[in-house]
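Student:
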């Protein structure tokens, strides 16, 4: 049996957390001369069901010594992961203007009935209406999980599991945690938001302080959901791995992971390890691509057995315009408290002119805490300037000083503005418009203004890629395109904790049932919810088949019938969005899929250089990388095709499986600029379901093509009804 081990400790003072993956015969030889009692004292997690192992505390020297043991596969430190954070389902076509059509994927999937979706996150607020179980039948018999009922947490037939894992965080801080950490309850809000996005029930009247009013729901509203709390607020390796093991054991079908670590080689990447064993047990793992964009190569969660999700916009925005006394209108953004009575003007003043005594003009300019004079501010709209301090804190300062509104001007020409729930009606305007407003203030005897806000749907082109969404290329295996897909992840309304206000700042005492959040953390559960519907419709599909269906049916065109753009409105590409934007109704019936098994993933590991000894340790059974399965990584049966170092001519292969009715497919090629692409055969005939056919693709740079950057194209297999598309991503080798 293989073990993930955090081994025993020596007599020295302990100060670091480590993991060791080794083949288990007896751990006595790893512990050397140390007693079993000391070993037990150091170990705080034992992973024994799937990937197996220990988490414990070691000196650096001890970890280095253990790493030399012949039965040890890898040793790595306990590290912290990052979180990647109603109209979206309408935008995705599951409903139209709140009405569910007869051909909706929801109806065909019975809203995800029978499927269990789990999340690794901050926990859950179980009292949320998004988790009510009215009308739901008995819990599926396959479920083996339970509910940690500390802190008043109660599960039901909807929320069927709620567990917490804090020993890793406790070991990191170096002292026992108090009872407030012994709970599956979400005091942050992120966990409740992601879980309800994936599988929340229909809740009418949902809104954030009046904005985004409508009916909230998750992607699989009738699925059962389970929460695994692994963040405190940091999300430590040990706790995340414990959450993976519990979710696999408990019987989830889809595991949604809105966390991300710095990518590492796969046997030292806790997400890759946990996800591999989940997929090995038939569980699709959907994970966030990260929020470090637009820097190239920033994408995380890059293992090929993970469905990695970028973030993009929906066709809803929250305009909050500043209207001046001269009737000029300046477009801004804000969520709630974003409007005042139309035509009722309020005095408008620059913040530096209402600064508190003995406060510098610099502090007042940015409306920092204690910088404004309440007597001078009362009843006025205050003009402030953005800086590195959170925008919400500025509106709180204005509100506490008696102001009735705020115009917040950007400092820079091309900054990104996210609408948030300010404490007073607010309009966040561009730097150029801010200068025009200042000019009005100082050229007018009695400057006045009011703020007019709204929630508008269908007024903007979407999707566009979010500026924060981490793009490729894949930093670990560039032959595997990442992210795989993009989905709604900007300004999404979903359930929230009642233990915190919309902002995690001192002074925000507001209590909300729903909140608006952004991030690949938020796009990830959208895909998890869609995957739940696919699992309900096709319970026999493998995780790879579900992933392929989602990828090969995606779109690269916006609602304006133009190519998807990035945040700068320049045409985006597969390094930004992978196969494209998820299109749920098409994913229901993809026609063909690129399927993969656990053996295929192991062969992939052989192809990138892992040897038989390492893989035998990892799998817990003998495994030999043979020449016939140690083929080139470009032949790995992935739904996208990437050649990151093209030199001369290369021929690669793929295999398609028929999951529809008998049909004939022909290939359509859109070759990347400067690249010749040939496919043989050009047509494939499938006579029965589950029949598989292989094709080969030959790519070669055209004579004289000197481009040293990535170029993009695609192939589509079509029978007239189904369109099975794979992006082609090529980079010519440096000459």
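Residue numbers (the numbering used here): 496 to 1230.
Note that beta-carbon positions come from the ideal geometry of N, C-alpha and C, so glycine has one too.
Here's the rule I'm using: 16 or more other beta-carbon atoms within 10 Å means buried, otherwise exposed. How should residue 946 be labelled?
Tutor: Translated into positions along the chain shown, residue 946 becomes position 451. Flag for residue 946 reads buried.
Student: Taking all protein chains shown into account, do 16 or more other C-beta atoms lie within 10 angstroms of the C-beta of residue 597, making it buried, or fewer, making it exposed?
Tutor: Counting from 1 along the chain shown, the entry for residue 597 is found at position 102. Exposed, because fewer than 16 other Cβ atoms sit within 10 Å of the Cβ of residue 597.
Student: Considering only residues of the same chain and omitting the five flanking positions on each side of residue 697, which have a CB-CB separation below 7 Å?
Tutor: Counted from its first residue, the chain shown places residue 697 at position 202. Closer than 7 Å at the Cβ level, and outside the excluded window around residue 697, lie 710, 712, 716.
Student: Just to confirm the assignment: which complete alpha helix (DSSP H) runs, minimum length 4, are found wholly within the region 979–1054?
Tutor: Correct list: 1015–1032, 1038–1047.
Student: Which residues share a DSSP beta bridge with residue 818?
Tutor: Within the chain shown, numbered from 1, the residue matching residue 818 stands at position 323. Bridge partners of residue 818: 824, 945.
Student: In chain order, what residues of the same chain have a beta carbon less than 6 Å from the beta carbon of residue 914, not counting five sequence neighbours either side?
Tutor: On the chain shown, residue 914 is found 419 positions in, with the first residue counted as 1. Result list for residue 914: 813, 828, 829, 830, in chain order.
Student: Please classify residue 1132: is it buried, with 16 or more other beta-carbons within 10 angstroms of its beta-carbon, or exposed?
Tutor: Here residue 1132 is taken as the residue at index 637 of the chain shown, counted from 1. Buried, by the Cβ-count rule.
Student: Any Cβ of chain C within less than 8 Å of the Cβ of residue 1061?
Tutor: Reference to chain C is not applicable here, since this structure consists of a single protein chain.
Student: Residues in its own chain within less than 8 Å of residue 528 by CB, not counting five upstream and five downstream?
Tutor: As a position in the chain shown, residue 528 is number 33, starting the count at 1. Reliability fails at residue 528, whose pLDDT of 44 lies under 50, so the model's placement of it is uncertain and the value that follows must be treated cautiously. The answer is none, since no qualifying residue turns up.
Student: Can you tell me which of the three DSSP states residue 616 falls into?
Tutor: As a first step, residue 616 must be located in the chain shown, where it is residue number 121. DSSP places residue 616 in strand when its eight states are reduced to three.
Student: Less than 8 Å between the CB atoms is what I'm expecting for residue 680 and residue 618, so what's the real figure, rounded?
Tutor: Sequence index remark: in the chain shown, residue 680 carries index 185 (1-based). Sequence index remark: in the chain shown, residue 618 carries index 123 (1-based). With a Cβ gap of about 6 Å, residue 680 and residue 618 count as contacting.
Student: Going by alpha carbons, who is nearest to residue 610 out of 1000, 1058, 633, 976?
Tutor: The count along the chain shown starts at 1 and reaches residue 610 at position 115. Of the listed residues, the one whose Cα sits closest to residue 610 is 633.
Student: When burial is assigned at 16 or more other CB atoms within 10 Å of the CB, is residue 684 buried or exposed?
Tutor: Along the chain shown, one-based indexing puts residue 684 at 189. Its Cβ being crowded by 16 or more others within 10 Å, residue 684 is buried.
Student: What residue does the alpha helix (DSSP H) around residue 600 start on, and which one ends it?
Tutor: Stepping through the chain shown from its first residue, residue 600 is reached at position 105. 600–603 is the extent of the alpha helix (DSSP H) around residue 600.
Student: Does the beta-carbon of residue 907 have 16 or more other beta-carbons within 10 angstroms, so that it is buried, or is it exposed?
Tutor: To locate residue 907, count along the chain shown from 1; it is residue 412. The residue is exposed, with fewer than 16 neighbouring Cβ atoms inside 10 Å.
Student: Buried or exposed: residue 1057, going by 16 or more other Cβ atoms within 10 Å of its Cβ?
Tutor: As a first step, residue 1057 must be located in the chain shown, where it is residue number 562. Exposed, by the Cβ-count rule.
Student: Need the endpoints of the alpha helix (DSSP H) that residue 663 sits in, please.
Tutor: Numbered from 1 along the chain shown, position 168 holds the residue referred to as residue 663. That run of the alpha helix (DSSP H) goes 662–668.
Student: Less than 8 Å between the beta carbons of residue 1200 and residue 1227, yes or no?
Tutor: Here residue 1200 refers to the residue found at position 705 when the chain shown is read from its first residue. Here residue 1227 refers to the residue found at position 732 when the chain shown is read from its first residue. For residue 1200 and residue 1227, yes; Cβs fall inside 8 Å.
Student: Report, in whole angstroms, the separation of the C-beta atoms of residue 1135 and residue 1222, which I expect to be a contact under 8 Å.
Tutor: By 1-based counting over the chain shown, the position of residue 1135 is 640. By 1-based counting over the chain shown, the position of residue 1222 is 727. Contact flag correct, Cβ pair sits at about 5 Å.
Student: By the DSSP assignment, the alpha helix (DSSP H) with residue 1212 in it spans what residues?
Tutor: Numbered from its first residue, the chain shown carries residue 1212 at position 717. Taken as a continuous stretch (DSSP letters only), residue 1212 belongs to no alpha helix (DSSP H), being part of the beta strand (DSSP E) at 1205–1213.
Student: Pick out the complete beta strand (DSSP E) segments inside the region 630–718, 3 residues or longer, and give them in chain order.
Tutor: The region 630–718 contains these whole beta strand (DSSP E) runs: 654–659, 698–703, 706–711.
Student: Suppose only complete runs of 4+ residues qualify. What are the alpha helix (DSSP H) ranges in the region 750–825, listed by chain order?
Tutor: 765–775, all fully within the region 750–825.
Student: What do you get for residue 883, buried or exposed, if any count of 16 or more other CB atoms within 10 angstroms of its CB means buried?
Tutor: Counting from 1 along the chain shown, the entry for residue 883 is found at position 388. Its Cβ having fewer than 16 others within 10 Å, residue 883 is exposed.
Student: Flag this pair as yes or no: are the beta carbons of residue 1021 and residue 714 separated by less than 8 Å?
Tutor: For this step, residue 1021 is matched to residue 526 along the chain shown. For this step, residue 714 is matched to residue 219 along the chain shown. Closer than 8 Å, so yes.
Student: Should residue 889 go down as buried or exposed, given a rule of 16 or more other Cβ atoms within 10 Å for buried?
Tutor: The residue you call residue 889 lines up with position 394 of the chain shown. Its Cβ being crowded by 16 or more others within 10 Å, residue 889 is buried.
Student: Assuming residue 1059 and residue 1067 make a contact with CB atoms under 8 Å, what is their CB distance in whole Å?
Tutor: Within the chain shown, the letter at position 564 stands for residue 1059. Within the chain shown, the letter at position 572 stands for residue 1067. With 8 Å as the limit, residue 1059 and residue 1067 qualify as a contact, their Cβ atoms being about 5 Å apart.
Student: Evaluate residue 875 with the Cβ neighbour count: other Cβ atoms within 10 Å of its Cβ, from every protein chain shown; 16 or more gives buried, anything less gives exposed.
Tutor: Within the chain shown, residue 875 is the residue found at index 380, counting from 1. Burial call: buried.
Student: Going by C-alpha to C-alpha distance, which of 1167, 600, 616 sits closest to residue 725?
Tutor: Position 230 of the chain shown, counted from the first residue, corresponds to residue 725. Residue 725 has its Cα closest to that of 616, out of 1167, 600, 616.
Student: Return the CA-CA distance between residue 648 and residue 620, expressed in angstroms with no decimal places.
Tutor: As a working mapping, residue 648 is identified with position 153 in the chain shown. As a working mapping, residue 620 is identified with position 125 in the chain shown. For residue 648 and residue 620, the distance between alpha carbons rounds to 8 Å.
Student: How many angstroms separate the CA atom of residue 959 from the CA atom of residue 1052?
Tutor: Counting from one through the chain shown, the residue named residue 959 turns up at place 464. Counting from one through the chain shown, the residue named residue 1052 turns up at place 557. Roughly 10 Å separates the two Cα atoms.
Student: Just to confirm my understanding: we take residue 1002, look at its own chain, exclude 5 residues before and 5 after, and list those with CB closer than 6 Å. What are they?
Tutor: Residue numbering aside, residue 1002 sits at position 507 when the chain shown is read from its first letter. So the qualifying residues of the chain are 891.
Student: From residue 767 to residue 589, what distance separates their C-alpha atoms?
Tutor: Residue numbering aside, residue 767 sits at position 272 when the chain shown is read from its first letter. Residue numbering aside, residue 589 sits at position 94 when the chain shown is read from its first letter. Their backbone Cα atoms lie some 31 Å apart in a straight line.
Student: Answer with buried or exposed for residue 1007, where buried requires no fewer than 16 other C-beta atoms within 10 angstroms of its C-beta.
Tutor: Working through the chain shown from its first residue, we reach residue 1007 at position 512. Residue 1007 comes out buried.
Student: Which first and last residues belong to the beta strand (DSSP E) in which residue 900 is found?
Tutor: As a first step, residue 900 is located in the chain shown; it is residue number 405 there, counting from the start. Note, residue 900: beta strand (DSSP E), 900–904.
Student: Can you look up residue 1071 in the DSSP assignment and give me helix, strand or coil?
Tutor: Locating residue 1071 in the chain shown gives position 576, counting from the first residue. Helix.
Student: Rounded C-beta distance between residue 1016 and residue 753? I'm assuming under 8 Å.
Tutor: Locating residue 1016 in the chain shown gives position 521, counting from the first residue. Locating residue 753 in the chain shown gives position 258, counting from the first residue. Sure, about 4 Å apart at Cβ, within 8 Å.
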